[in-house]
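First comes the structure, then the notes that go with it.
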Amino acid sequence: MKFKSLEHIITIRRTTRSFSGENLSDEQVDQILRSAVYAPFGGATGLPLKEVRKIFVFKTNSEAMKIVNDVLVATIRSKARLMGIVLAILPFLKKKLGTFYNRLKAIERYGIPSMKMGSHFIIIAEKKGIPSVQRQSIAHALQNMWLSATSVGAGFQLISAIGIISNNARVLKLLNLPYNKYQLDGCVIGVPAVEPEETEDVVLEEYVTRIG
Ligand SMILES: Cc1cc2nc3c(=O)[nH]c(=O)nc-3n(C[C@H](O)[C@H](O)[C@H](O)COP(=O)(O)O)c2cc1C
25 MKFKSLEHII
35 TIRRTTRSFS
45 GENLSDEQVD
55 QILRSAVYAP
65 FGGATGLPLK
75 EVRKIFVFKT
85 NSEAMKIVND
95 VLVATIRSKA
105 RLMGIVLAIL
115 PFLKKKLGTF
125 YNRLKAIERY
135 GIPSMKMGSH
145 FIIIAEKKGI
155 PSVQRQSIAH
165 ALQNMWLSAT
175 SVGAGFQLIS
185 AIGIISNNAR
195 VLKLLNLPYN
205 KYQLDGCVIG
215 VPAVEPEETE
225 DVVLEEYVTR
235 IG
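Basically the numbering used here = 1-based index in the sequence shown + 24.
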């Protein structure tokens, strides 16, 4: 494999939403998973990393994956219905919530295709603690996996809706996790169906304010 510098990996990282259906190699998957373990975690909770962070990996065509997918789509369907009622009663919220609502409706109708066409689906569970930094901690683990996936030529998509099933009984049973102790998030990795588009060059001064 051609060596890529970290700077290059950061600039070519993109979201993949269309996967070929082929499988990644075990080496690729393990390298991506290992990077999640190396990511920083909330040390001030005083808990050891093995207790704080748990990583679950599913083959996308497995029975276990079907359970997660079914629970997720059903939960999104009920949220979409609820939001539909809210928007019908309070139409002025459409400007703020319309895009998100349409996205929920699309998932309700078509599901999340990458959860079937990706190679593997990964759930990260991060133990809740004080200070409450589990969400930030998960983001570090996901970002490490994203950059690692990019470096091995794999596609990566965040599936942030997984957060809403963090306390679903069927999912917790499958993962063997206690109720309300862990925050969940997830992603799909796989072989991209098409080459990702290049990101435009960044003009730093459009983002940065130098103070002092
Ligand atoms: C916190 C967070 C949650 C996201 N959730 C999703 C998601 O559930 N599904 C998805 O396809 N993309 C998700 N994204 C990806 C963004 O849409 C994407 O990063 C952004 O549009 C920029 O595109 P790029 O990743 O190709 O550079 C998420 C990004 C962030 C930072």
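Backbone N, C-alpha and C define an ideal beta-carbon position, used for all residues, glycine too.
Remember, it's a predicted structure, so these values are computed and weren't measured experimentally.
- If we ignore side chains and look at the alpha-carbon of each, how far apart do Glu35 and Ala112 end up? As a position in the sequence shown, residue 35 is number 11, starting the count at 1. As a position in the sequence shown, residue 112 is number 88, starting the count at 1. A quick correction: the sequence has Thr, not Glu, at residue 35. C-alpha separation (whole angstroms): 42 Å.
- Task: Leaving out five residues on either side along the sequence, give the residues of the same chain with a beta carbon under 7 Å from the beta carbon of Val218.
- Result: Indexing the sequence shown from 1 puts residue 218 at position 194. So the qualifying residues of the chain are Ser42.
- Ala149 burial status per 10 Å Cβ neighbour count (16 or more: buried): Locating residue 149 in the sequence shown gives position 125, where the first residue counts as 1. Result: buried.
- Member of Cys211, Leu96, Leu30 whose CA lies at the smallest distance from the CA of Leu182: Taking the first residue of the sequence shown as 1, we reach residue 182 at position 158. That would be Cys211, whose Cα lies nearest to the Cα of Leu182.
- Reduced DSSP category for Pro72 - H, G, I as helix; E, B as strand; rest coil: Counting from 1 along the sequence shown, the entry for residue 72 is found at position 48. Of the three classes helix, strand and coil, the one that applies to Pro72 here is coil, per DSSP.
- Beta-carbon proximity check, Ala63 vs Ala165, cutoff 9 Å: What you label residue 63 is simply residue 39 of the sequence shown in a count that begins at 1. What you label residue 165 is simply residue 141 of the sequence shown in a count that begins at 1. In contact: Ala63 and Ala165 (Cβ atoms closer than 9 Å).
- Task: Mark Asp209 as exposed unless 16 or more other C-beta atoms lie within 10 angstroms of its C-beta, in which case mark it buried.
- Result: Start at 1 with the first residue of the sequence shown, and residue 209 comes out as number 185. Buried is the call here.
- Item | Per DSSP, the bridge partner or partners of Gly179 | Along the sequence shown, one-based indexing puts residue 179 at 155. According to DSSP, Gly179 bridges with Gly214.
- Nearest-angstrom beta carbon gap, Leu73 and Ser143 [assumed within contact, 8 Å]: Start at 1 with the first residue of the sequence shown, and residue 143 comes out as number 119. Start at 1 with the first residue of the sequence shown, and residue 73 comes out as number 49. Not really, about 26 Å apart at Cβ, beyond 8 Å.
- Please find out if some non-hydrogen atom of ligand 1 comes closer than 8 Å to the beta-carbon of Ile188. The residue you call residue 188 lines up with position 164 of the sequence shown. No.
- Of the residues Gly66, Gly67, Leu57, which one's Cα is nearest the Cα of Phe145? Here residue 145 corresponds to residue number 121 of the sequence shown, with the count starting at 1. Nearest C-alpha to Phe145 among Gly66, Gly67, Leu57: Leu57.
- For Val95 and Arg194, believed in contact at Cβ under 8 Å, the rounded distance: Within the sequence shown, residue 194 is the residue found at index 170, counting from 1. Within the sequence shown, residue 95 is the residue found at index 71, counting from 1. The beta-carbon distance between Arg194 and Val95, rounded to whole angstroms, is 6 Å. This is short enough to meet the 8 Å contact definition.
- Item | Cβ-based burial, Thr84 [other Cβ within 10 Å; buried from 16] | As a working mapping, residue 84 is identified with position 60 in the sequence shown. So Thr84 counts as buried.
- Task: Sort Ala60, Glu51, Gln55, Leu71 by Cα distance to Ser156 and report the nearest one.
- Result: Taking the first residue of the sequence shown as position 1, residue 156 is located at position 132. For Ser156, the nearest C-alpha among the options comes from Leu71.
- With a Cβ-Cβ cutoff of 9 Å, do Ile188 and Lys103 count as a contact? Residue mapping note: residue 188 aligns to position 164 of the sequence shown, counting from 1. Residue mapping note: residue 103 aligns to position 79 of the sequence shown, counting from 1. Yes; because the gap between Cβ atoms is below 9 Å, this pair is in contact.
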